[in-house]
Amino acid sequence: MNKVMLAKNTYLLGKMDDREVPFHRLILAKGTTYNAYLLKTEKPTVIDTVDLEFGREFVEYLSELIDPKEIQYIVINHTEPDHSGGLAALAGRAPNATIVCTEIAVNELKEMYKLHSRSFLVVKDGDTLDIGGKTLKFKETPYLHTEETMITYCIEDKILFPCDIFSTHVATNAFFADEADFDIIEDFIGYYNAIIHPHRRYVRTVINALQELDVQMIAPSHGYILREDIQKYIDLYATMSADTINDKKVTIVYTTIRNSTKKVADNLKKIFEENNIQTSVFNADKSDKATILESIKEADAVFIGSSTKYADMIGNLEDVLKDLIKMDLEGKIGAAFGSYGWSGEAIEVIQDYLNQTNLDVQSTSHVIKTTGMTHVEFPVRVRFTPKDEQLKKIEHSATYVADLLLSAI
Ligand code: FEO
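Converting from the sequence shown to the numbering used here requires adding 1 to each position, the first position being numbered 1.
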């Protein structure tokens, strides 16, 4: 464990992990660090902890700086166990500490670390917390990179604690980027690509929030502390998360019994058009097949949907799908959708057809494995007429594809 003072009474407590750490289906060849922070104020506060494996070691080390019984607050920006993993050990030794986190994080932490009887303080966007001599300000950053995440800013120190955001995966004893004996940019970008880019839509929220804060130092939870030329790193995030010049096209083809699947198609179209993506929609029972296939040839993403009747697709859709199998669709995204009343077999049959093409077919499993997002579902299955939660589901899936199409990387 390493410790270093970042500002008066503000300490970095870092655990270097120089193993080849398995992480999000990557091997972190250069290892990583788990950075936690102690603000030794009148109401001593810990911000984030370390990986589950090093929890007890972390508390012993922290005890060299402060008696854990004095700790009043433990801020958990993100519940993933590489940062919250020391919480069980710390909470046991810090019985007076209130755990500070977002509303969604509360239940996660209670379940993960059996903290049902602990005191929690739920913070919302813009809330501040007086910790006796310093003030913390919180910003919720949902889906960056999980739903419950937030970032913490210390107003007096002008230090941002963004947890995973602005991190690097390098096991280092040089705490500051400007003290590294090489340029960290490649590692900084590599980290962004692996962890943050799938959630790039939400990066803009953080960049906008930073404009209202006087950030003099960024203290993330992996790798280097940024204290020189901070704007360079912020600008890199802005550039890497920006949309490409948009010449993308989506084609949506469907058949429908009572217009519920049509409504799914229309709502997909609405989201794509809100993202300035040119979108063509065809009812396969009312449109010329050659025109549909021509549109698919020109498209960057193809959505195919049907209502389910007697456990199968309806109308002319199968005819279109049979032709798709023979086409070269390399480099295009494919997705199935549909409205149904009972089991929605047609949607799965469409998915089977798409899997026989060389489209990049979207699936919930693939999204979870590559991004950790659990709110994005493929195929897009909607029971009866889409409304409320189901419209949200359609929006999440269309937005995910729009992001893939507009991604600059
Ligand atoms: Fe570094 Fe999302 O954990």
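For glycine and all other residues, C-beta sits at the position ideal for the given N, C-alpha and C.
Residue pairing of Tyr354 in beta bridges, as defined by DSSP: absent, with no partner found.
Asp301 has its alpha-carbon roughly 12 Å from the corresponding atom of Val362. DSSP places Ala95 in no alpha helix (DSSP H); its state is neither H nor E.
Taking C-beta atoms as the reference points, Ala98 and Gln73 count as a pair closer than 8 Å. In this structure, ligand 1 has no non-hydrogen atom nearer than 7 Å to the beta-carbon of Glu65.
In its chain, beyond the 5 residues on either side, Leu294, Ile297, Lys298 and Thr358 have a beta carbon closer than 8 Å to the beta carbon of Met328. Neighbourhood of ligand 1, defined by CB distance below 5 Å to any of its heavy atoms: Glu81, Asp83 and Asp165, in chain order.
Assignment of beta-bridge partners to Ser281 by DSSP yields Thr252. Between the alpha carbons of Leu355 and Thr80 lies a distance of about 36 Å. Within the segment 284-320, the runs of alpha helix (DSSP H) at least 4 residues long that lie entirely inside it are, in chain order, 290-299.
Ser340 has its alpha-carbon roughly 56 Å from the corresponding atom of Glu71. For the options Ile132, Lys264 and Lys125, the alpha carbon positioned closest to that of Thr386 is the one of Lys264. Boundaries of the beta strand (DSSP E) around Gly15: Thr11 to Asp18. Under the three-state reduction of DSSP, Asn36 is assigned to strand. A straight-line Cα-Cα distance of about 7 Å links Asp179 and Glu229. Shortest Cα-Cα distance from Lys135 to any of His376, Asn10, Glu396 and Asp52 involves Asn10.
The alpha-carbon of Thr142 is positioned some 11 Å away from that of Cys164. Taken through DSSP and simplified to helix, strand or coil, Gly133 comes out as coil. Per DSSP, reduced to three states, the secondary structure at Tyr62 is helical. An exposed status is given to Leu27, since fewer than 16 other beta-carbon atoms sit within 10 Å of its beta-carbon.
Three or more beta-carbon pairs separated by less than 8 Å link the segment 253-271 to the segment 330-344, which places the two stretches in contact. If you look at Arg205, you'll find it in the alpha helix (DSSP H) that goes Arg201 to Leu211. Look at the beta carbons and you see the segment 250-260 not touching the segment 213-228: under three pairs across the two are nearer than 8 Å. Scanning its chain for C-beta atoms nearer than 6 Å, with the 5 sequence neighbours on each side dropped, one finds around Pro221 the residues Pro163, Phe167 and Ser168, in chain order. Taking all protein chains in view, the Cβ of Arg201 is crowded by 16 or more other Cβ atoms within 10 Å, so the residue is classified as buried.
Per DSSP, the beta bridge partners of Leu161 are Tyr154 and Ile219. The distance from the Cβ of Tyr62 to that of Ala92 is about 16 Å, inconsistent with a contact at the 8 Å cut-off.
Beta-bridge pairing by DSSP links Asn3 to Gly15. For Val47, there is no enclosing alpha helix (DSSP H); the residue is part of the beta strand (DSSP E) that begins and ends at Thr46 to Ile48.
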